[in-house]
Amino acid sequence: ASWTGSHHDLAMQPEEPDTVLGYFSDAVSEDSGVKTHFYRKGDAHFIKTEGPGGRETEYAVAYTFGVEPLQQYLFEFPGGRLQALTVAWDTEAERWYDLYPGERIAPDDPLHWTGRLQTWNTMCAECHSTGLIKGYDAETDTFETTWERLDVGCQACHGPGAEHLEWAQSGEGGSDLGLSVSLHRGALDEQLNACAPCHSRRATLTEDAAHGGRFLDLYAPSRVQADLYHADGQIREEVYVYGSFLQSLMSQRGVACTDCHDAHGLGLHIQGNAVCTQCHTNEPPLERFPTLTAKRYDSEEHHFHAPGSEGASCVNCHMPTKTYMGVDPRRDHSIRIPNPALSVELGTPNACNSCHDEESAQWAADAIERWYGPSDRATSFTERFARATDPEIGSATGLLSLAADPEAPALLRSSSLERLSNFNLYSYDPISDALADPSPLVRASALRAMLGRAPEQLIASAAPLLEDSERGVRVEAARLFAALPVESLPVATREHQAAALEEYLHAQELSTDTPGAHMNLAILRQSQGALEEAVASYRHALELDPYFLPAHFNLASLLNALGRNQEAEAVLRDGVERAPEEGDVHFSLSLLLAEEGRLEEAADSLLIAAKLLPERGRVHYNLGLTLQHLGRRQEAEAALLRALTLERGEPDFLHALTIFYLQAEDWQRAQHHARALSQAIPGSPLAQDLLRRAADGASAAGED
Numbered sequence: 097a098s099w100t101g102s103h104h105d106l107a108m109q110p111e112e113p114d115t116v117l118g119y120f121s122d123a124v125s126e127d128s129g130v131k132t133h134f135y136r137k138g139d140a141h142f143i144k145t146e147g148p149g150g151r152e153t154e155y156a157v158a159y160t161f162g163v164e165p166l167q168q169y170l171f172e173f174p175g176g177r178l179q180a181l182t183v184a185w186d187t188e189a190e191r192w193y194d195l196y197p198g199e200r201i202a203p204d205d206p207l208h209w210t211g212r213l214q215t216w217n218t219m220c221a222e223c224h225s226t227g228l229i230k231g232y233d234a235e236t237d238t239f240e241t242t243w244e245r246l247d248v249g250c251q252a253c254h255g256p257g258a259e260h261l262e263w264a265q266s267g268e269g270g271s272d273l274g275l276s277v278s279l280h281r282g283a284l285d286e287q288l289n290a291c292a293p294c295h296s297r298r299a300t301l302t303e304d305a306a307h308g309g310r311f312l313d314l315y316a317p318s319r320v321q322a323d324l325y326h327a328d329g330q331i332r333e334e335v336y337v338y339g340s341f342l343q344s345l346m347s348q349r350g351v352a353c354t355d356c357h358d359a360h361g362l363g364l365h366i367q368g369n370a371v372c373t374q375c376h377t378n379e380p381p382l383e384r385f386p387t388l389t390a391k392r393y394d395s396e397e398h399h400f401h402a403p404g405s406e407g408a409s410c411v412n413c414h415m416p417t418k419t420y421m422g423v424d425p426r427r428d429h430s431i432r433i434p435n436p437a438l439s440v441e442l443g444t445p446n447a448c449n450s451c452h453d454e455e456s457a458q459w460a461a462d463a464i465e466r467w468y469g470p471s472d473r474a475t476s477f478t479e480r481f482a483r484a485t486d487p488e489i490g491s492a493t494g495l496l497s498l499a500a501d502p503e504a505p506a507l508l509r510s511s512s513l514e515r516l517s518n519f520n521l522y523s524y525d526p527i528s529d530a531l532a533d534p535s536p537l538v539r540a541s542a543l544r545a546m547l548g549r550a551p552e553q554l555i556a557s558a559a560p561l562l563e564d565s566e567r568g569v570r571v572e573a574a575r576l577f578a579a580l581p582v583e584s585l586p587v588a589t590r591e592h593q594a595a596a597l598e599e600y601l602h603a604q605e606l607s608t609d610t611p612g613a614h615m616n617l618a619i620l621r622q623s624q625g626a627l628e629e630a631v632a633s634y635r636h637a638l639e640l641d642p643y644f645l646p647a648h649f650n651l652a653s654l655l656n657a658l659g660r661n662q663e664a665e666a667v668l669r670d671g672v673e674r675a676p677e678e679g680d681v682h683f684s685l686s687l688l689l690a691e692e693g694r695l696e697e698a699a700d701s702l703l704i705a706a707k708l709l710p711e712r713g714r715v716h717y718n719l720g721l722t723l724q725h726l727g728r729r730q731e732a733e734a735a736l737l738r739a740l741t742l743e744r745g746e747p748d749f750l751h752a753l754t755i756f757y758l759q760a761e762d763w764q765r766a767q768h769h770a771r772a773l774s775q776a777i778p779g780s781p782l783a784q785d786l787l788r789r790a791a792d793g794a795s796a797a798g799e800d
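Numbered continuously in my numbering, the sequence shown closes out at residue 800.
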């Protein structure tokens with residue numbers, strides 16, 4: 097009964113007078129010069145707004161999407177598409193509002209409400225309906241989407257209901273309800289397998305998702321990436337709980353979704369702090385959680401705030417919110433201890449300053465130390481991850497240490513391996529060890545980190561994972577081995593690689609309505625030497641989304657390698673036109689222009705890139721070299737010094753400055769940078785030669 101009227105029940109509904117919550121009685125919403133008119137014709141609901149090509153068009157509401165705190169509306173478009181209007185109804189404030197306020201989105205932008213990023217079939221449908229088959233045809237770019245139930249019904253979580261119906265009709269009673277998937281309280285693995293497919297950022301690996309199947313056999317979840325999470329793993333973008341919860345000590349200890357939530361109504365079992373004090377009390381349930389400390393946490397002695405105040409709420413301190421879609425606050429399920437000291441050090445957010453926003457992070461850190469005494473939080477797994485991945489103080493050693501720590505959450509160990517690409521590794525042994533890790537998350541990420549290894553090393557260490565029990569691991573192994581000539585593989589390995597590669601291709605085929613799938617196929621074909629097929633796949637990705645910059649970069653690079661620089665330049669200039677504020681596309685264009693000897697044009701692009709990417713040392717380095725070749729030595733020196741300031745000890749930058757000062761016969765500065773280069777690359781013959789030349793120049797000039 098609690099399911100009736102829940103968010104699952106009302107996830108999507110046909111347009112009817114009692115399902116549409118928004119005000120359609122001749123209302124107008126305007127943002128960034130675009131007006132949307134809401135009105136009715138009898139019982140039917142209509143809008144008139146900017147459509148494809150910028151033309152004002154009338155549309156009839158087909159479905160409602162969601163129920164509170166906002167409701168969106170879906171409209172039928174050619175090709176079987178349903179499009180989600182980006183002007184939504186705020187059910188609490190009872191107002192229309194734009195999901196992208198103040199942002200003028202062009203009609204040809206995929207983010208426009210008529211664009212691909214607002215297509216229900218691609219972006220939303222799988223998790224808002226039951227038994228959904230997307231039915232996308234890549235050749236015609238059309239959908240024939242079907243579903244068993246429009247909303248999220250019983251079978252979405254429990255599987256086929258025939259046996260349950262037989263049980264109900266038998267009148268036998270008992271605890272066996274005839275459910276294919278029984279989500280009894282405290283069953284963490286079973287609940288994650290049921291809930292994570294929708295409550296996570298992930299890619300689908302197969303449409304044959306058996307109910308109750310292992311999540312990591314059916315999906316590939318996102319890791320703790322810089323574009324999704326803050327440095328310490330706190331939520332940045334909308335990540336839908338799973339990736340946060342896996343970082344928590346709660347999940348490590350076996351706490352499951354239904355320990356707090358009603359699986360049917362979706363609300364909490366108990367309101368307020370009582371949901372936490374089920375366990376965190378002076379009489380904890382030690383039979384289930386033996387490591388719990390007996391303590392009265394819901395007290396002023398613990399939280400130092402007035403009872404009943406916002407600061408006395410457990411979740412406000414340990415699960416702070418971030419608001420998405422303008423009005424929808426979501427709680428961070430990493431369930432962590434606030435650490436404003438880390439905010440002081442690395443700029444991460446903290447719960448204290450989310451309330452006390454008029455105060456500094458140092459003020460909050462001082463209060464924490466005053467209340468609880470000095471505490472070495474540096475040993476916390478999330479803090480270790482934050483420091484290891486920090487651009488200034490991060491290190492491969494820190495990442496490898498965390499990846500190898502069996503006590504650390506598997507998601508953080510996995511994410512640590514994936515961040516290793518930012519560092520030069522002297523040994524791959526720790527990664528090889530991770531290939532045998534008990535966690536499939538870690539095994540899959542270890543495979544990604546093995547990219548570039550010698551073929552014989554891959555065959556010896558990674559080939560067994562082509563037969564891994566989890567599909568998410570097998571497809572990563574298939575990607576890794578795809579670049580190797582088939583004849584170089586042992587016969588048995590060839591068979592396993594062929595089977596795993598088919599699984600990988602199937603996973604991409606499920607998402608060919610997205611540019612990312614075509615890019616993945618292009619990368620695969622490129623690694624196999626099928627270069628024209630790769631070019632075609634990159635172009636297909638850009639046909640689907642002309643703003644998809646990763647495809648611009650990869651396609652331009654491939655065309656450049658094929659000697660087709662005119663085409664490569666056209667691809668990059670299209671990227672510049674579509675995303676003029678993205679420094680990387682200007683930088684890529686500058687490198688191509690410099691390669692062709694068009695240094696004045698290259699310098700112009702580099703100056704823009706340096707302005708847009710002021711903290712990117714490599715951009716300033718390339719700018720300095722280009723300006724040096726153009727004879728603009730004062731500007732070149734400033735750019736090279738800026739690069740070195742950003743990345744102290746970088747050998748390329750030290751080498752460039754040494755050469756610069758040797759050419760200027762500035763022997764003292766040349767010696768200074770040559771010595772630093774020798775320290776950065778001990779024993780380097782090049783560094784020693786440059787140091788000798790600088791010393792000889794100084795001697796000849798009488799500057800000894």
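For glycine and all other residues, C-beta sits at the position ideal for the given N, C-alpha and C.
_So, with DSSP's three-state summary, where would you put leucine 312?_
Leucine 312: helix per DSSP, three-state reduction.
*The beta strand (DSSP E) enclosing glutamate 154, as first and last residue numbers*: Where glutamate 154 is concerned, the enclosing beta strand (DSSP E) stretches over 152-161.
*Please name the residue, chosen from Trp192, Thr187, Ile431, Glu164, that lies closest to glutamate 126 on a Cα-to-Cα basis.*
Per the Cα distances, Trp192.
_Identity of the residue in Gln265, Pro293, Cys253 nearest histidine 280 by Cα_ = Put simply, of Gln265, Pro293, Cys253 the residue whose alpha carbon is nearest the alpha carbon of histidine 280 is Cys253.
*Given that a residue counts as buried once 16 or more other Cβ atoms are within 10 Å of its Cβ, and exposed if not, what is glutamine 179?*
Buried, because 16 or more other Cβ atoms sit within 10 Å of the Cβ of glutamine 179.
*Is there contact between the stretch 714-734 and the stretch 691-704, where contact requires at least three CB pairs shorter than 8 angstroms?*
In short, these stretches touch, since the Cβ pair count reaches three.
*asked:* Let's see if you can read the secondary structure: which residues bound the beta strand (DSSP E) around histidine 326?
replied: In the DSSP annotation of this structure, histidine 326 is not part of any beta strand (DSSP E), being labelled neither H nor E.
*asked:* Closest to proline 646 by C-alpha separation, out of Tyr338, Gln767, Gly679, would be which residue?
replied: For proline 646, the closest C-alpha among the options Tyr338, Gln767, Gly679 is that of Gly679.
*Kindly give me the distance between the Cβ atoms of glycine 713 and glutamate 733, rounded to whole angstroms, as I take these residues to be in contact under 8 angstroms.*
The C-beta distance from glycine 713 to glutamate 733 rounds to 15 angstroms, too long to fall under 8 angstroms, and the pair is not in contact.
*Under a three-way DSSP split, which group does glutamate 146 fall into?*
Under the three-state reduction of DSSP, glutamate 146 is assigned to strand.
*Among the residues of its own chain, which have a CB less than 7 angstroms from the CB of arginine 297, if the five just before and after it don't count?*
The answer, listed in chain order, is Pro317, Ser318, Leu324, Val335, Tyr336, Gly339.
*Taking three-plus beta-carbon pairs below 8 angstroms as touching, is the stretch 426-445 in contact with the stretch 482-500?*
Between the stretch 426-445 and the stretch 482-500, the count of C-beta pairs closer than 8 angstroms reaches three or more; the two stretches touch.
*Leaving out five residues before and five after glutamine 330 in sequence, what residues of the same chain have Cβ atoms less than 7 angstroms from its Cβ?*
Excluding sequence neighbours, glutamine 330 sits near Asp428, Ser430, Thr444, Pro445.
*When burial is assigned at 16 or more other CB atoms within 10 Å of the CB, is glutamine 759 buried or exposed?*
Its Cβ having fewer than 16 others within 10 Å, glutamine 759 is exposed.
*asked:* Strictly by DSSP, which residues pair up with glutamate 172?
replied: The partner list for glutamate 172 (beta bridge, DSSP) reads Leu178.
*threonine 160 and methionine 108 look like a contact to me (Cβ under 8 angstroms); what is the Cβ gap, rounded to whole Å?*
That pair is a contact at about 7 angstroms.
*Euclidean distance between Cα positions of alanine 613 and serine 347*: Rounded to the nearest angstrom, the two C-alpha atoms are 32 angstroms apart.
*Give every residue of the same chain whose Cβ lies closer than 7 angstroms to the Cβ of leucine 597, excluding the five residues on either side of it in the sequence, and list them in chain order.*
Only Ala574, Ala578 meet the Cβ criterion.
*Helix, strand or coil: which one does DSSP assign to valine 183?*
Three-state result, valine 183: strand.
*asked:* Excluding the 5 residues flanking phenylalanine 519 on each side, which residues of the same chain have their C-beta closer than 6 angstroms to its C-beta?
replied: The answer, listed in chain order, is Ala492.
*Among Thr741, Pro551, Val569, Pro416, which one has its Cα closest to the Cα of leucine 531?*
Selected option, being the one with the closest Cα: Val569.
*State whether the stretch 120-140 contacts the stretch 273-292, with contact taken as three or more CB pairs (one from each stretch) at a distance under 8 angstroms.*
Touching, no, given that fewer than three Cβ pairs across the two stretches are closer than 8 angstroms.
*Tell me which same chain residues have a C-beta within less than 6 angstroms of the C-beta of cysteine 223, skipping the five on either side of it?*
The answer, listed in chain order, is Cys294.
*Would you mind reading off the limits of the beta strand (DSSP E) that contains lysine 707?*
For lysine 707, there is no enclosing beta strand (DSSP E); the residue is part of the alpha helix (DSSP H) that begins and ends at 695-708.
*Would you give the residue range spanned by the beta strand (DSSP E) that tyrosine 193 belongs to?*
191-194 is the span of the beta strand (DSSP E), which, as asked, contains tyrosine 193.
*Compute the distance between the beta-carbons of threonine 226 and valine 248, then report whether it is under 8 angstroms.*
Yes; because the gap between Cβ atoms is below 8 angstroms, this pair is in contact.
*Can you name the start and end residues of the beta strand (DSSP E) that methionine 108 belongs to?*
Methionine 108 -> beta strand (DSSP E) spans 108-110.
*asked:* So the candidates are Ala595, Ala258, Leu787, Arg728; which of them puts its Cα closest to the Cα of histidine 751?
replied: Per the Cα distances, Leu787.
_Bridge partner(s) assigned by DSSP for proline 317_ = According to DSSP, proline 317 shares a beta bridge with Arg298.
*May I have the straight-line CA-CA distance separating arginine 738 from histidine 716, to the nearest angstrom?*
Cα to Cα, arginine 738 sits roughly 7 angstroms from histidine 716.
*Pull up the CB-CB distance for alanine 705 and serine 686, whole angstroms please, since I reckon it's below 8 angstroms.*
Rounded, the Cβ-Cβ distance is 6 angstroms, consistent with contact.
*Between which two residues does the alpha helix (DSSP H) carrying serine 55 extend?*
Residue 55 lies beyond the stretch modelled for the chain, which goes from 97 to 800, so this question has no answer here.
*With a threshold of 16 other CB atoms inside 10 Å of the CB of lysine 707, please say whether the residue is buried or exposed.*
Answer is exposed; the Cβ neighbour count stays below 16.
*Helix, strand or coil at threonine 475 [DSSP, three-state]*: Per DSSP, reduced to three states, the secondary structure at threonine 475 is helical.
*In three-state DSSP terms, what is valine 569?*
Helix.
*First and last residue of the alpha helix (DSSP H) that includes arginine 62?*
Not covered by the structure: residue 62. The range shown for the chain is 97 to 800.
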